[in-house]
Amino acid sequence: MDRIYLDNNATTIVDPKVKDAMEPFWCQMYGNPNSLHVFGTEIHPYMRIAFNRLYAGINAREEDDIILNSCATEGNNTVIKGVYEELIRTGTKKEIITTQVEHPCIANSCRFLETLGVKVVYLPVNGDGIVTAETLKERIDPDRTALVSVMWANNETGLVFPVRELALLCREKGILFHTDAVQAIGKVKVDVQEAPVDFLTFSAHKFHGPKGVGGLFVRKGCKITPLLHGGEQMSGKRAGTINVAGLVGMGLAIELAVQNLDYEETRVRTLRDRFEDALLSIRGVQVIGKRSNRTPNTILASIKGVEGEAFIWDLNKNGVAASTGSACASESLEPNPTFTAMSVDSELAHTGVRFSLSRFTTAEEIDRTITVVNNSVERLRAISMSTI
Amino acid sequence: MAKNDLIGGTLWEQYSTKVNDRMTNPRYLGEITEGEAKEMGAKLVIADWGAEVCGDAIRLYWAVDPKSDTILLARYKTFGCGTAIASSDVMAEMCIGKTVDEVLKITNIDVEKALRDDENKSAIPPQKMHCSVMAYDVIKKAASTYKGVDVSSLEEEDIVCECARVSLRTIRDVIRLNDLKSVEEIANYTKAGAFCKSCVRPGGHEKRRYYLEDILKEVRQEMENKQMSRHVGVKKFGLMTLIQKHRAVEQTLNEKVRTVLLKEGGNLEVVDMKDTDGMLDVYINYLGACNGCPSSTTGTHMYVEGVLKRELDKNIRVVIV
Chain A
228 MDRIYLDNNA TTIVDPKVKD AMEPFWCQMY GNPNSLHVFG TEIHPYMRIA
278 FNRLYAGINA REEDDIILNS CATEGNNTVI KGVYEELIRT GTKKEIITTQ
328 VEHPCIANSC RFLETLGVKV VYLPVNGDGI VTAETLKERI DPDRTALVSV
378 MWANNETGLV FPVRELALLC REKGILFHTD AVQAIGKVKV DVQEAPVDFL
428 TFSAHKFHGP KGVGGLFVRK GCKITPLLHG GEQMSGKRAG TINVAGLVGM
478 GLAIELAVQN LDYEETRVRT LRDRFEDALL SIRGVQVIGK RSNRTPNTIL
528 ASIKGVEGEA FIWDLNKNGV AASTGSACAS ESLEPNPTFT AMSVDSELAH
578 TGVRFSLSRF TTAEEIDRTI TVVNNSVERL RAISMSTI
Chain B
542 MAKNDLIGGT LWEQYSTKVN DRMTNPRYLG EITEGEAKEM GAKLVIADWG
592 AEVCGDAIRL YWAVDPKSDT ILLARYKTFG CGTAIASSDV MAEMCIGKTV
642 DEVLKITNID VEKALRDDEN KSAIPPQKMH CSVMAYDVIK KAASTYKGVD
692 VSSLEEEDIV CECARVSLRT IRDVIRLNDL KSVEEIANYT KAGAFCKSCV
742 RPGGHEKRRY YLEDILKEVR QEMENKQMSR HVGVKKFGLM TLIQKHRAVE
792 QTLNEKVRTV LLKEGGNLEV VDMKDTDGML DVYINYLGAC NGCPSSTTGT
842 HMYVEGVLKR ELDKNIRVVI V
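Listed below in structure tokens is the structure:
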């Protein structure tokens, strides 16, 4: 049985072209790029190409930084803790504003700073599942607010936040603005000139690059204390030997992701919508968030009478990989913050299932998934007392 | 945190083969109709527990022989995760052939044990233990329906941790007797709070009536108050009447001094007490082996005076008669 992977918001397959591009950097060009000899210097042209691709990928200017790191968790920690060190610990600003639906690497970094006395405001999302500029405007205070951090697109719902408006508002008020764009790159257009963010985080493995490599965009003039101290790599802004193969892979991956945005917007969206229509044709199914405001690949559905973990168990047995926000499936059993914040139907906390496609998903896979879903819904509704 | 905890996402790998099997192919799933029960000459009992909005819900059907109170057939319907389905299924199986009173003794822990492949290895990971609790709760509900009594009349004690079935009384006792200072220690002693963690503090998987953090705080406070009241008594020594001072001195001598002297075959008695210029003179007379012992006027004297000064008041002088 061929397996079907519909969990692309968790991670993605490495594009074979990306894998090939990385190949020479394991056993042939394995030097440390900071070495002065040829083993180091022969890598520099490839690094330059990779950085050109990264800068082009998000439309960064040459005077800005894209700091290479290990993942988006590192990038997000660097921004939250770096701004704390730079502006809060020793300065007069005392507050960070974020949302209730951020990824745990933002949420838990903020909770950590709270233990150090920082005031953190967690903005709620509205009925559409996003935070608007109006909501932010009511809360920001240029005298107190050091940083605003709002994700570009939500990992659970796929909902896209109005980052441009939020960033413009912060710029107007002289407040630093950060966005976690991990779920946005390769799905929607990300342009740091159009949306004037000060910091932006991304991770290669979410757009068909390798795991263990990511990037942090820092606009010129936005000072930040490094998280890792050590050697002079990344101009001292992120010490640690450069992951050369990762950088080369991420460079090509972002170029391909941007080239495929049209495909994402047409083919992936069409497949997603077809699948979503099939789900909605089942009685008692609800999809969260307006289709037009979601990344083209994501569906978060609630299926009445079908518990989330039992459902993905059935899907898994039938070769389909999806994920659930169901409290029952997480190791912590904590209620899912996105669901709680969106305060949608409370049953959703136990019936939510997320399907996330990619440009590698085929029409045949979607057809087969629809059959598997229908069978499982039938089986689990027979077990539950559901009257649907 | 250790080597075995370094790989995440192992939730399903921790399910036993039996859990896997019951989840995929449940045996006792379904309903019992009025007609089926009648054919068996049995009384049909239907009990509901939980709600879909809470993530776990079960409806249990029993066909009970009214003469012997024996459960002839059990079936169920459930809304829940894999563990909930597997627990419900094995619970239904365990009901069959037992009397209503006998099944009341089945706990969620028995259900979990029945799902083990290896008797020394849990069938499910700790955080899923609460999924087996509803299997226990619904049995109680069905039994109360059958007996026509209120479900609370079948509750023996206030249960704080449903997963490990630990009562409020046990938790309070264990904190007090072992001088426990943290929720982790309570879990180590009783297993309470070690599974789904809902009972540790509010905001967990489900709302609880009692939380370990509150109980711990309350018991520690009680323990502290008790100790304080003893200290308060000591601090007020200077304000006591002479009779109260005499009692306090005798009590301290009994508790701290005489036990030591008696071991050596000696003893002492208080023959008089006098308040003079803010000092309290305690006149003692040595008895037994102490009488005439060389250290009675040196080491022992200093020891007795030291104990009284430390325990009661620094302005105490011991005078040997």
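Sequence lines, in order, name chains A and B. Residue numbers 228 to 615, in our numbering, belong to the letters of the first sequence in order. Residue numbers 542 to 862, in our numbering, belong to the letters of the second sequence in order. For glycine and all other residues, C-beta sits at the position ideal for the given N, C-alpha and C.
Do you know offhand how far residue i's Cα is from residue j's?
i: residue 363 (chain A); j: residue 326 (chain A); result: 10 Å
i: residue 457 (chain A); j: residue 466 (chain A); result: 5 Å
i: residue 234 (chain A); j: residue 359 (chain A); result: 28 Å
i: residue 433 (chain A); j: residue 590 (chain B); result: 42 Å
i: residue 809 (chain B); j: residue 721 (chain B); result: 39 Å
i: residue 659 (chain B); j: residue 610 (chain A); result: 28 Å
i: residue 437 (chain A); j: residue 638 (chain B); result: 58 Å
i: residue 534 (chain A); j: residue 621 (chain B); result: 6 Å
i: residue 842 (chain B); j: residue 836 (chain B); result: 8 Å
i: residue 545 (chain A); j: residue 599 (chain A); result: 7 Å
i: residue 298 (chain A); j: residue 306 (chain A); result: 13 Å
i: residue 371 (chain A); j: residue 488 (chain A); result: 39 Å
i: residue 856 (chain B); j: residue 759 (chain B); result: 37 Å
i: residue 553 (chain B); j: residue 750 (chain B); result: 30 Å
i: residue 592 (chain B); j: residue 754 (chain B); result: 27 Å
i: residue 421 (chain A); j: residue 498 (chain A); result: 29 Å
i: residue 519 (chain A); j: residue 513 (chain A); result: 16 Å
i: residue 556 (chain B); j: residue 657 (chain B); result: 9 Å
i: residue 281 (chain A); j: residue 275 (chain A); result: 10 Å
i: residue 543 (chain A); j: residue 551 (chain A); result: 12 Å
i: residue 848 (chain B); j: residue 797 (chain B); result: 7 Å
For the alpha helix (DSSP H) that residue i lies in, which residues bound it at each end?
i: residue 265 (chain A); result: 265-268
i: residue 271 (chain A); result: 271-285
i: residue 843 (chain B); result: 840-852
i: residue 783 (chain B); result: 783-793
i: residue 502 (chain A); result: 496-507
i: residue 305 (chain A); result: 299-310
i: residue 725 (chain B); result: 724-731
Opposite residue i in the DSSP bridges: which residues?
i: residue 620 (chain B); result: B:598
i: residue 829 (chain B); result: B:807
i: residue 249 (chain A); result: The partner list for residue 249 (chain A) (beta bridge, DSSP) is empty, contrary to what the question assumes.
i: residue 584 (chain B); result: B:605
i: residue 521 (chain A); result: A:386
i: residue 513 (chain A); result: A:529
i: residue 322 (chain A); result: A:346, A:372
i: residue 823 (chain B); result: B:814, B:859
i: residue 232 (chain A); result: A:548
i: residue 579 (chain A); result: A:529
i: residue 415 (chain A); result: A:412
i: residue 591 (chain B); result: B:598
i: residue 612 (chain B); result: B:605
i: residue 708 (chain B); result: B:700
Could you tell me which of the options sits nearest to residue i, measuring between CA atoms?
i: residue 448 (chain A); options: A:455, A:468, A:425; result: A:425
i: residue 584 (chain B); options: B:590, B:606, B:674; result: B:606
i: residue 766 (chain B); options: B:717, B:862, B:662, B:754; result: B:717
i: residue 742 (chain B); options: B:763, B:760, B:769, B:701; result: B:701
i: residue 588 (chain B); options: B:558, B:554, B:676, B:647; result: B:676
i: residue 329 (chain A); options: A:346, A:304, A:398, A:483; result: A:304
i: residue 851 (chain B); options: B:736, B:794, B:860; result: B:794
i: residue 384 (chain A); options: A:250, A:239, A:515, A:577; result: A:515
i: residue 517 (chain A); options: A:315, A:381, A:264; result: A:381
i: residue 241 (chain A); options: A:503, A:440, A:341; result: A:440
i: residue 503 (chain A); options: A:411, A:581, A:281, A:390; result: A:581
i: residue 309 (chain A); options: A:418, A:459, A:452; result: A:452
i: residue 613 (chain A); options: B:672, B:619, B:831; result: B:619
i: residue 354 (chain A); options: A:278, A:347, A:255, A:386; result: A:386
i: residue 688 (chain B); options: B:640, B:652, B:599, B:828; result: B:640
i: residue 802 (chain B); options: B:746, B:664, B:831; result: B:831
i: residue 478 (chain A); options: A:529, A:293, A:313, A:346; result: A:293
i: residue 621 (chain A); options: A:608, A:285, A:258, A:254; result: Beyond the ends of chain A as shown, which are 228 and 615, falls residue 621 (chain A); an answer cannot be given.
At which residues does the beta strand (DSSP E) containing residue i begin and terminate?
i: residue 444 (chain A); result: 441-445
i: residue 296 (chain A); result: 292-296
i: residue 573 (chain B); result: Here residue 573 (chain B) belongs to no beta strand (DSSP E), and DSSP marks it neither H nor E.
i: residue 428 (chain A); result: 426-430
I'd like the ranges of any alpha helix (DSSP H) spanning at least 4 consecutive residues and lying wholly in the segment 353-410 of chain A.
360-366, 390-400
At what residue ranges does the segment 632-705 of chain B contain a whole run of the alpha helix (DSSP H), taking only runs of 4 or more?
Uninterrupted alpha helix (DSSP H) stretches at least 4 residues long and entirely within the segment 632-705 of chain B occur at 641-644, 649-655, 674-688, given in chain order.
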